[in-house]
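The block underneath contains the structure these notes are about, expressed in structure tokens.
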Amino acid sequence: MSQAESRIRILTVDDHPMLREGIAAVIEGQPDMVLVAEASNGREAVEQFRRYRPDVTLMDLQMPEMNGIDAITLIRKEFPAASILVLTTYKGDVQALRALKAGAQGYLLKSALRKELLDTIRHLYAGKRAIPAEIAMEIADHAVDDALTPREIAVLTCVAAGNSNKAVAAELAISEETVKAHMKSILAKLDAKDRTHAVTIGLRRGVIGP
């Protein structure tokens, strides 16, 4: 096997060109790695994966057209052995858990890219998982929590947008009393003091998007 054939083949998926360029520059200097393709959204990621069959895929979560979770799900369904590392700005345990359940083997915060990206890629290539200790602890801390239902997430998302109970009720076509009942359940599940606190926790943990 030639040196080129033995290198770790990488696909980068992110909707920010500057981040892709930064990763490309880092990988370019590595004798054991080669960047084979890039994609700017989840749909392109699936297409590029089919075409290039990379050894390790670096996947953003928040992207237009198709998000990272859906892309991971589709890729892993078609290619069960696919090795995918999620790159994200989110420390939230809910986002991390969704990605891992979808089939990702690793999770890396973009703030740690410069220090940890190359070692983490090699880790995944060797067949290991890579989850930062702070995220693993966050997942463990909330492992026994009751998860919010899809309807509760919809209510909290509306509240995060600054809507009153009346406006949330109109938006979701439910009664104001039902909104109040959902909010009571949300506060209890998130251990939040009030609506604002619930939104803050929801954003931090990745229960709702920014």
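Numbering-wise (full-length UniProt numbering), the sequence shown opens with residue 1 and increments by one. Yeah, the Cβ is synthetic: ideal placement off N, Cα and C, and Gly gets one too.
Quick check: the Cα distance between residue i and residue j, rounded to an integer number of angstroms?
i, j, result
"Glu177", "Ser164", "12 angstroms"
"Asp194", "Ile69", "30 angstroms"
"Ala160", "Val207", "11 angstroms"
"Gln48", "Lys110", "22 angstroms"
"Ile27", "Ala147", "38 angstroms"
"Lys180", "His16", "39 angstroms"
"Met18", "Ala192", "37 angstroms"
"Thr88", "Glu134", "14 angstroms"
"Gln30", "Val36", "14 angstroms"
"Ser40", "Met137", "31 angstroms"
Out of the options, state which residue places its alpha-carbon closest to the alpha-carbon of residue i.
i, options, result
"Ile84", "Lys189, Arg9, Thr196", "Arg9"
"Ile139", "Arg151, Tyr107, Glu65", "Tyr107"
"Arg205", "Ala96, Gln30, Ala102, Gly103", "Ala96"
"Ser6", "Ala45, Asp32, Met18, Asp14", "Asp32"
"Ile131", "Leu74, Ala104, Met18, Ala81", "Ala104"
"Phe79", "Asn67, Ala102, Tyr90", "Ala102"
"Glu38", "Gly162, Arg51, Gln30", "Arg51"
"Thr149", "Lys166, Met183, Ile121, Asp141", "Met183"
"Ile75", "Pro64, Gly202, Lys115, Met59", "Met59"
Find out if the Cβ-Cβ distance for the pair residue i, residue j is shorter than 9 angstroms.
i, j, result
"Leu117", "Ile23", "yes"
"Ala81", "Thr57", "no"
"Ala43", "Ala71", "Reading the sequence as shown, one finds Arg at residue 43 and not Ala. Yes. Within cutoff."
State the CB to CB distance for the pair residue i and residue j, rounded to an integer number of angstroms; the pair is presumed to be in contact (CB under 8 angstroms).
i, j, result
"Val86", "Ala45", "That belief does not hold up - the Cβ atoms of Val86 and Ala45 are roughly 12 angstroms apart, past 8 angstroms."
"Pro54", "Leu11", "4 angstroms"
"Asp145", "Lys189", "7 angstroms"
For the region 113-131 against the region 168-182, do three or more pairs of beta-carbon atoms, one drawn from each stretch, fall closer than 8 angstroms, so that the two count as touching? no
Check whether the region 151-158 and the region 184-198 touch, using three or more Cβ-Cβ pairs below 8 angstroms as the test. Touching, yes, given that three or more Cβ pairs across the two stretches are closer than 8 angstroms.
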